[in-house]
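Before any comments, here is the structure.
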Amino acid sequence: MRIDAITLFPEYLQSCVKVGVVGRAFERGLASLTLWNPRDFTHDNYRRIDERPFGGGPGMVMMLDPLQETLAAVREAASEPCHVVYLSPQGRPFTQSKARTLAAKPRLVLLAGRYEGVDQRFLDAHVDEELSIGDYVLSGGELPAAAVIDAVVRLLDGALNDAESAPQDSFEQGLLDCPHYTRSESQGTEGVPEVLLSGNHAHIARWRRQQSLGQTWLKRPDLLEKMQLSAADQALLAAFQAEQTANSKTDAGNP
Ligand code: 9D3
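The sequence shown runs 95 to 349 under my numbering.
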C-alpha cells in the first residue's frame, strides 16, 4: 500500500514509520509513506500557505493553490487512483471498520489540516471523505493522520504475527479486552484470578469471554447495545452482573 500525507509538519508524521509493529510493516515494505509539505508548492517570497477568511472572523485558512499543486504532484507520483481523506473535526468518526475499508485501498492520501481548516473549494473538488478521531479539540490533523496510518497499516497482510493478531479478536468483535496478568517478582500470584492458574483451558476461555462481556457492559454499554449476544454470552453476562450486584451489596457503606 502506498500512503501519501500532506502536512505542514512532515517531521511529526515521520515518527510513525519507525517504531513497533507498524514501523516493522514499513520496514518489510508492506506500505510506504511519502510526506508532502504544501509550503514547498508556494511561489511567493514568503512561502505563504495561510490567509485570513473571506467574510472576516478569527483564525486563518489553508489556501487553495498550494494544496492543489501538492495534490497534483501526489497524483503524478503513481498511476493508480488515490483515495483522498481529510482529517477534520467535521469528519465522520474513524472506526475499526473504516480502518478495514481503508486498508483495502492501494493508495491512500491523507490531508492533515492546521489553523481553522482548508478552503472549502479544495474539499469539494478533491476530498473523498472527511474523518474525525473523536469529539475533542486538537491543534491539527497530524495526530489523527498518524492514528489512521497506525490503525490501517497494522491490518495489512503480514504486518502482525500470530501472537499479535490473536488479541485483536475481541475488539474486532465489538467487545473490550479481558484483563491480563503475568509473573511478578514482588507479588507472586497474589491478586491473580484463580481460574488463570488452574490450567483448565476451557474454564480460562469462558472466564475471559465473561470478562470481555462484563467490562464492556461496565465501561462501554453503547458497544453492547449494538450487538446480538448468543444465549451463552447472555448467560455469562448475567452471571457477571449478578456477581457485581452481590459485590456492591457487600461494599455498601464502604467509602
Ligand atoms: C478551536 C478551533 N475550532 C473552531 C472554533 C475549530 C477547529 C479547527 C481545527 C478545531 C480543531 C482543529 C484542528 N483539529 C483537527 O484538524 C482534527 C481533529 C480534532 O481536532 N479532533 C478530532 N479529530 C480530528 S481530525 C482533525
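C-beta atoms are modelled at their ideal positions from N, C-alpha and C, and glycine is treated no differently.
Boundaries (first-last residue) of the beta strand (DSSP E) holding residue i
| i | result |
| --- | --- |
| Ser226 | 223 to 226 |
| Arg96 | 96 to 100 |
| His177 | 177 to 187 |
| Arg146 | Looking at the DSSP string, Arg146 is not in any beta strand (DSSP E), and its letter there is neither H nor E. |
| Thr136 | Unbroken run through Thr136: none, as it is neither H nor E. |
Pick from the options that is closest to residue i, judged by C-alpha positions
| i | options | result |
| --- | --- | --- |
| Trp130 | Ala119, Glu145, Ile97 | Ile97 |
| Glu266 | Ala326, Ser306, Met95 | Ser306 |
| Gln162 | Gly117, Leu323, Pro200, Gln214 | Gln214 |
| Leu127 | Asp134, Arg133, Ala119 | Ala119 |
| Ile227 | Leu217, Glu284, Ala326, Gly185 | Gly185 |
| Gln328 | Arg303, Lys343, Glu174 | Arg303 |
| Asp229 | Leu249, Ser182, Lys192 | Ser182 |
| Gly151 | His177, Lys343, Arg133, Glu210 | Glu210 |
| Leu165 | Leu196, Arg133, Ser280 | Arg133 |
| Asp271 | Asp251, Thr310, Val286 | Thr310 |
| Ala168 | Ile143, Phe188, Gln190, His220 | The sequence given here places Val at residue 168; Ala does not occur at that position. Among Ile143, Phe188, Gln190, His220, the Cα nearest to that of Val168 belongs to His220. |
| His137 | Arg146, Leu204, Asp244, Asp159 | Asp159 |
| Gly123 | Ser342, Ala253, Asn341 | Ala253 |
| His177 | Val203, Gly153, Ala197 | Val203 |
| Ala193 | Pro238, Ala296, Thr339, Gly117 | Pro238 |
Burial state of residue i, where buried means 16 or more other Cβ atoms lie within 10 Å
| i | result |
| --- | --- |
| Phe148 | exposed |
| Arg315 | Here residue 315 turns out to be Pro, not Arg, going by the sequence shown. That one is exposed. |
| Ala380 | Shown here, the chain extends from 95 to 349; a query on residue 380 therefore has no answer. |
| Leu291 | exposed |
| Met321 | exposed |
| Pro273 | exposed |
| Leu312 | exposed |
| Ala240 | buried |
| Pro200 | exposed |
| Ser324 | exposed |
| Arg208 | buried |
| Val212 | buried |
| Ser109 | exposed |
| Val155 | buried |
| Glu236 | buried |
| Leu102 | buried |
| Pro175 | exposed |
| Val246 | buried |
| Val115 | exposed |
Which of helix, strand or coil DSSP assigns to residue i
| i | result |
| --- | --- |
| Leu217 | helix |
| Val155 | strand |
| Leu403 | Any property of residue 403 remains undetermined from this structure, which presents the chain solely from 95 to 349. |
| Ser233 | coil |
| Leu124 | coil |
| Leu165 | helix |
Delimiting residues of the alpha helix (DSSP H) encompassing residue i
| i | result |
| --- | --- |
| Leu237 | 236 to 247 |
| Ser259 | 256 to 259 |
| Arg141 | Note, Arg141: premise wrong, no alpha helix (DSSP H); not H, not E. |
| Glu174 | Neither: Glu174 is in no alpha helix (DSSP H) and is coded neither H nor E. |
| Gly268 | No alpha helix (DSSP H) contains Gly268, which DSSP labels as neither H nor E. |
Below-8 angstroms beta-carbon distance, residue i vs any chain D residue
| i | result |
| --- | --- |
| Leu181 | Among the chains in the structure shown there is no chain D, since it carries only a single protein chain. |
task: Ignoring anything shorter than 4 residues or poking outside the segment 272 to 305, list the alpha helix (DSSP H) runs there in chain order.
output: List check, alpha helix (DSSP H) in window: nothing returned.
message: Give the list of continuous alpha helix (DSSP H) stretches no shorter than 4 residues that lie fully inside the segment 185 to 214.
response: Those alpha helix (DSSP H) runs which fall completely within the segment 185 to 214 and span 4+ residues are 190 to 197.
Whole alpha helix (DSSP H) elements within the segment 307 to 331, 4-residue minimum: Correct list: 315 to 319.
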